[in-house]
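Numbering (this note's numbering), first residue to last: 671 to 808.
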């Protein structure tokens with residue numbers, strides 16, 4: 671039985687997003703970022719992304735815990751940033767085994783994500799079809 675491949679990231683997006691300011695407030699360097707005007711596909715939006723550092727064979731819950739451990743010391747700063755910009759956890763799950771078609775997130779994890787006031791988006795790959803579900807925990 672093959673385990674689904676998984677991945678998670680925290681995304682901060684918005685107009686007038688200052689990448690350096692976000693990095694300084696959180697004392698974390700992003701894994702990927704671009705300022706407004708740098709992305710030809712979405713010229714007005716800035717983008718700051720922090721990836722989970724775990725292997726894609728880990729369950730999605732572990733990826734989210736990895737991110738939360740990095741963000742716990744700066745959770746108050748994250749809440750302040752959220753007053754100006756969109757913040758959400760983005761998760762992707764590739765179901766490569768047709769016998770596995772669901773995932774489970776524990777109540778403590780969901781409570782901590784909810785306390786941050788950010789959304790949780792889970793994108794599911796089933797074969798070649800991509801399905802996205804936005805779960806708001808507000």
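The C-beta atom is built at its ideal place from N, Cα and C for all residues, glycine as well.
| request: Put residue 682 into one of helix, strand or coil per three-state DSSP. | output: What you label residue 682 is simply residue 12 of the chain shown in a count that begins at 1. Residue state, collapsed to three classes: strand.
| When you compare each of 675, 716 and 733 to residue 692 by their alpha carbons, which one comes out closest? | As a working note, residue 692 is residue 22 in the chain shown. For residue 692, the nearest C-alpha among the options comes from 716.
| request: Buried or exposed for residue 678, please, with buried defined as at least 16 other CB atoms from any protein chain shown within 10 angstroms of its CB. | output: For the purposes of this step, residue 678 is taken as residue 8 along the chain shown, with counting starting at 1. That one is buried.
| request: Name the one or two DSSP bridge partners that residue 758 has. | output: The residue given as residue 758 occupies position 88 in the chain shown. 681 and 789, per the DSSP bridge assignment.
| Quick one: what does DSSP say residue 676 is sitting in, helix, strand or coil? | One-based indexing of the chain shown puts residue 676 at position 6. Note: residue 676 maps to strand in three-state DSSP.
| task | Could you tell me which of 792, 740 and 687 sits nearest to residue 697, measuring between CA atoms? | result | Taking the chain shown and counting its residues from 1, the one referred to as residue 697 is at position 27. Selected option, being the one with the closest Cα: 740.
| task | Rounded to whole angstroms, what's the CA-CA distance from residue 794 to residue 690? Just pull it up for me. | result | Taking the first residue of the chain shown as position 1, residue 794 is located at position 124. Taking the first residue of the chain shown as position 1, residue 690 is located at position 20. In this model, residue 794 and residue 690 are separated by some 32 Å (Cα to Cα).
| field | Beta bridge counterpart(s) of residue 720 as assigned by DSSP | value | Here the question's residue 720 lines up with position 50 in the chain shown. Partner(s): 680.
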